[in-house]
Every structure is written in structure tokens, then in C-alpha cells.
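To start, the structure under review is shown below, and the notes come after it.
Residue numbers (our numbering), protein chains in the order written: chain A, 701 to 863; chain B, 822 to 1387.
Set out below in C-alpha cells:
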């Protein structure tokens, strides 16, 4: 089992995300995260999927994705030659001034941002690989995580890609 | 550019696709389409249940090898199509299903007879269209036929909101369409084909496993030429039954749960297996982990996702079966290789094949009765012309047909092999008869299945589409009963149909011909009468409810575990 990123270019129209996610469900593929967004072309969206799987299952997933008519292209991104990032928002319990300072120090080390402060909580924004976000989460867990939202991975291969 | 309503554009687009018949039922949400059908030359065949409309379109498609079309209204009309669409999807059959939908402004409001048929059909169609702009209609229809018929065929749904049918727009009818996410792989990679040829030429015990893809691509002649050129025995999957003449010396017939014993045995003994247009289904190969462990497997299929899905293969070729086999034949001819009749004596493998076949054929035991399923089916084969089309219902009747009805003319047999839909055969035979009115069409049925869609007798009689229902009547859900007898300690439940209804009277009530055949003499007469008649005939053949289907590979087991007889 290896962690992998699959990137699919799809038609930007209603129902496409449903077709893709429905296929994963119907064929029993367990995906870890999925993110969708617009691309440089107006009528194309990019779906980025992360999955923990073996080579054979990954091949099958790619083939089944390609089979969906609204899916224009699918690539497996090489982890060592791609840039991949995830964004997380975490709302942490922070009632004591010392706690706030500690959290701010950790946020700085992780090159994150404090984006909201209330009397009893702080919201921080962390961007990076999923590992980095996991590491940060492990460090702050004991303060108490009130809410957590992650975007799923968004990724592109390095260098110039010509069509 | 011509201004017209969405409904008119839809009908005109169907005419442009060469559609001459549609199977359907009108309702509130597709009335504008029907109103346009009124002034069209397309024949409308009114069904009594939408499920049958989909099966008829499916049967039509399998014989015509072009998309069949069915119509239904929104909501329940559309959901009634679902079983038929799923059946077509599992057997890669091209149908275009056109459903009415509530007006655009009502979608999502739980309107009367609204249902999300596009959502429901997502995993049982190749594609679903829901045109939300009236001007899209001609292009949508063109794309629907292109998708349904090309590559690995399959059903496509067009769900048309009622106000899109009514609204007028400037229409452009495209001659060709391009879909950037869809380009079927037709031409195989020649270097891969060359590898296969080397494998086949060095094989000691080669075997061909021919599947439904041979039927879909119409590669009957190419398959036979290849088998004969290299003298390779041919087994088929059940879906591939009849793609190779079953009276040919190299034919071993279908493998699988109820395959021929010799086919099941020999396919496991091969050293090189050439799988052509088949998908290694569990019903065919048994256990994926056990099948083909000690052999080289070559797989030709038009669907890249089938290569390695159920079975890892040594050489995979993505391409149209007919095109691929043609290339293979050409490469072989260049190497001037042709084995001859003499091979039967000189070649150890062929000698073994013939001995195994003779041995198992001699082991076949019939049930002790005058009229049995086996005898009845063999009599039918004897009296039917070679080009007659045969389909089946699902259950014991289907498996007896697989075992005892030898298909002589390739491409004249089909059945619901993937989904295994009871009630499929009769409406599908009506669709097949519309596609080929010049040959007899027979549905080999069981009482349980025929009961499900027997109301299509009205369609068959009133629309003058005569077919023969060859009803092996064991007054029970025979296949389930067989499993209860063999695996559930004879705790029989939910299988007794108590001889209800009287199918001869049912046939007569619909204006069809009903004949009961209780002896082999009566059966022969009945078949001859049915073949001479120009009205649908139901031949009701009482058989013993205790008659089992053998050979039988128990569920979850492998081909080597096939039980030969009780």
C-alpha cells in the first residue's frame, strides 16, 4: 500500500463530480481525499484524488476513471516530481495567554497564520503536504481542537508540460 | 438552421440515425414527443410495461448490432426501464432510452411523477444526457447514438424535460460529433499482436476463449479462420455462446458454472489461453485466484479497463476484436503457417481434446422421463433452421439451452448473461423479430421467468410480431429449487409455482396460439405447427420439477470442482 496522487481533467459541467464519486462507490475504491477546482481552461475542472493503494488497484482506478466520458485525461502524479499542497483550518481552544503564545510560536515554525482570535479560541491556517498538517495537528491536539477543516490535496507536476 | 420544437428535433434526429422502430409507452411527460411520432414514419410498438420496452430494444440491438430505442415517461415510466437498462449495460448492448422529465422549473421540487432518473442510471449507463437547452437536442441525440454504438457498446439515457420538448429553437443537426473525453481504441498495438503470435505458435496446448466481444464486433469469420489456421480448440463464455459454430470439430462450447464438462476441464489444462472479447466473469472462470494459474493468458478487449480487472494477464491487447483478429490473421499468413486436418492424429493436444470431449459427452445422463428439458431442446434444434434466432429466459431453462442447444450459425443466440434478468427472453425475442422478421425467433423459457413479462403477448399479437415461446414448465422456480435441493438440505421454500397459470389458456386469452406437448410426438408436432404459424405460439412442455442441470460448478468453487452428474 502506497500513498498516491491521481489528477483528472474533467468537463466542467453539472453531474461530473457525481459520476466520478459514484464510480468510486460502485466499484469499491476507497479514496482518501478529493478536491475539485477550476483550471486554466474555462470549461475544464481538475479533480485531485489521493488514495492509499497497491499498484494494481491504482491501475484499475485510473482505467475506470478514464472510462467515464466526461473525464478528459487522467495522470498519476510522481510524488518526487510534483508539488502537492493541502490547506487546513484549525480552531483551537486558547483561553490562557500562555497557550496563545505557545500556539503562535508553533504556527510560526510551520509557516502558518493565525487567522482569527476570540476570547476562548484561535483559528490557524496551515498549508503544506498532508504529512506536515498531520504533524502540526499532533502537536496542538492537547490544547483541544474545536473544529477542523481540510481541503484535500491539490497538486501539479513540476516543470513545463506541453500538450 | 431550422426552427422547430425540441420534440420534433428529437424525432427528426432519430430518423437521421436510421431508426425505424421504437418500443415504448406514452405518459404525461413525453406526450410532446409522441405527438411528433404521430407524423413520423418511425414505427411505434406499444408495450404493456416499460421494462419490456427496454428488453425489446436490447433484443433488437443484439441482432441488428445497432442501437435499439425505447421511450418512457417520467417517474414510474422511467424507473420501470431501469432493469432493462441494467441488463443492457451488463451485456454491453447499445440501447438509447428516451425518457420524459418534468419541466425544468419543476426539477428538484418533488413534482408529480418526478424522479432523478439521471442519478439512478449513472452506474448502469455509458452516459446520461439531460438537455437543458432546447437547441442542444439534435447534438445530444447524435452523441447518444455515437456513445451507445461505438467502442464497448452500452445503454445511453436521454432525459428530456417536458418544456424542452415543447419549446422551439433554431436547430442544427450535426453530421459528426466529437467528444474529447471519449475515443474508443479500435486499432491494436501491432507489437503486442506479434507477441501473441509468438506465444500461440510455441504453445503446446493452446485454447481460445471467445466472449461476447466476438458477437458485438461481428468477428465470427475471423475467429473461425484463426482457430482453423492454427487448429486451436475454442471454448466460449456463456455470453460468447454461438460465436463459433457449436457443431465444429474444434468447438468445445461454453465454460462456466453450467458449462460443458470437457470445456471446463480442457480450459484449465491449456498452456496458452487466448481470451477474445471476454471479461473473465466469475460465472465463466469460477475463482479468479485459481483460474489460469499455470498458463500464459492473452487478453484482447476493446475496453482497456477490462484488461487486468478480474485476472492479471501476460499480454493485453486493447482493440476491436474484429480488427485485432484480422491483423493477427494477416501476420500469420505472412509467416505461411497453416495446420491441417492431419493435426488431429499427429498433435498430442488435439488428440487429448478429442478424447476428453468424447469421454464427457458419453457421460451425459438424461433424466428418466419421456419428455425432459434435454430431449425437448435437442428436438427443437433438430427442427429449427440453422439461421433461426434463439434467446432464453433465466434459470434452468437458460442453462439447459447453454448445454444442449448447439448454435450453428454464429450470432444467432443471445441471453441475459450478465445481469441474469428473469423476464428478459420473451420481450427480447420480440425485439429480435423486429430486427430480423424473415427468420423464426424462439424464446426458450421457464414458467417463472415467462410469467414475469408474459403480458408482452399482447404486443406480439396486436403488433403482429410472431415468436415462439418454448416453455419448459416445471411448475417451480427451478434453479432456486435446485440450489435448495443441493445446498439447503431440501428445505424447499418460495419455489413452488403450483402450475399457475395455465399457459395454454393465457396464450389463447391474448389471441396467441397455445399448445401443450406432453410427449415427444406432441412436441414435434407442436414445433412444426409453431414454425408454420404466423401468430405467436406458446408451447407448454411439462417437465419434472426434480430435473436438475448438470454439469454444475458450485458457487464459490473453481472449474476443476465441476460436478458432472448427481
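Ideal placement from N, C-alpha and C gives every residue a C-beta, glycine not left out.
- Per DSSP, reduced to three states, the secondary structure at residue 1212 of chain B is strand.
- Contact between the segment 1248 to 1265 of chain B and the segment 1081 to 1091 of chain B is absent, with fewer than three C-beta pairs closer than 8 Å.
- Looking at B:1291, B:893 and B:849, the one whose alpha-carbon comes closest to that of residue 979 of chain B is B:893.
- Fewer than three beta-carbon pairs drawn from the segment 1342 to 1353 of chain B and the segment 1042 to 1061 of chain B are found closer than 8 Å, and the two stretches are therefore not classed as touching.
- In this structure, residue 1216 of chain B places its C-beta atom within 8 Å of the C-beta atom of residue 1298 of chain B.
- Around residue 952 of chain B, the same chain offers 958, 961, 981 and 985 as residues with beta carbons nearer than 7 Å, after the five sequence neighbours per side are excluded.
- For residue 913 of chain B, the closest of B:1366, B:1123, B:1296 and B:928 by C-alpha to C-alpha distance is B:1123.
- The beta carbon of residue 1316 of chain B sits no closer than 8 Å to any beta carbon of chain A.
- When DSSP states are grouped into helix, strand and coil, residue 1324 of chain B belongs to the helix group.
- Taking every protein chain shown into account, the CB of residue 1004 of chain B has fewer than 16 other CB atoms within 10 angstroms, so this residue is exposed.
- For residue 860 of chain A, no beta strand (DSSP E) run applies, since DSSP gives it neither H nor E.
- In this structure, residue 1181 of chain B keeps its C-beta atom at 8 Å or more from the C-beta atom of residue 1067 of chain B.
- In terms of CA proximity to residue 1028 of chain B, B:1113 leads the group B:1113, B:1383, B:1359 and B:866.
- By the CB criterion at 8 Å, residue 752 of chain A and residue 732 of chain A fall inside the cutoff.
- B:853 is the residue among B:1267, B:853 and B:1041 whose C-alpha sits nearest the C-alpha of residue 831 of chain B.
- For residue 1036 of chain B, the CB contacts under 6 Å within the same chain, skipping 5 residues up- and downstream, are 1064 and 1232 in chain order.
- Using a Cβ-Cβ cut-off of 8 Å, residue 875 of chain B does not count as an interface residue toward chain A, since no Cβ of chain A sits closer than that to its own.
- Not flagged as an interface residue toward chain A: residue 910 of chain B, since no C-beta distance is shorter than 8 Å.
- The DSSP-derived three-state label of residue 1270 of chain B is helix.
- Sixteen is the threshold: since fewer than 16 other Cβ atoms of the shown chains lie within 10 Å of the Cβ of residue 1110 of chain B, the residue is exposed.
- Contact annotation: residue 1118 of chain B and residue 1142 of chain B have beta-carbon atoms that are not nearer than 8 Å.
- At the C-beta level, residue 1138 of chain B and residue 1017 of chain B come within 8 Å of one another.
- Straight across, the Cα-Cα distance linking residue 910 of chain B with residue 810 of chain A is about 51 Å.
- Legend: CB atoms of the segment 1090 to 1106 of chain B lying less than 9 Å from CB atoms of chain A are not found in any residue.
- DSSP places residue 1259 of chain B in the coil class of the three-state scheme, outside both helix and strand.
- Pairwise C-beta distances place the segment 772 to 791 of chain A in contact with the segment 704 to 719 of chain A, as three or more of them are shorter than 8 Å.
- If the five residues before and after residue 840 of chain A are omitted, its C-beta is found closer than 6 Å to the C-beta atoms of 792, all from its own chain and listed in chain order.
- Only 939 and 940 from the segment 921 to 942 of chain B bring a Cβ to less than 9 Å from some Cβ of chain A.
- Shown here for residue 824 of chain B: same chain residues with a beta carbon closer than 8 Å to its own, the five before and five after excluded, namely 989, 990, 991 and 992 in chain order.
- The Cβ-Cβ distance between residue 1100 of chain B and residue 1078 of chain B does not fall below 8 Å.
- Leaving aside the five residues that flank residue 1230 of chain B on each side, the residues in its chain whose CB is nearer than 7 Å to its CB run, in chain order, 1207 and 1208.
- In the three-state reduction of the DSSP assignment, residue 1189 of chain B falls in the coil class.
- Take the alpha-carbon of residue 1160 of chain B and the one of residue 1026 of chain B: they are about 14 Å apart.
- Three or more Cβ pairs closer than 8 Å define a contact, and the segment 931 to 950 of chain B meets that threshold against the segment 897 to 904 of chain B.
- Contacts between residue 715 of chain A and chain B, judged by CB atoms closer than 9 Å, involve 939, 940, 943, 949 and 951 in chain order.
- With a threshold of 8 Å between beta carbons, residue 730 of chain A makes no contact with chain B.
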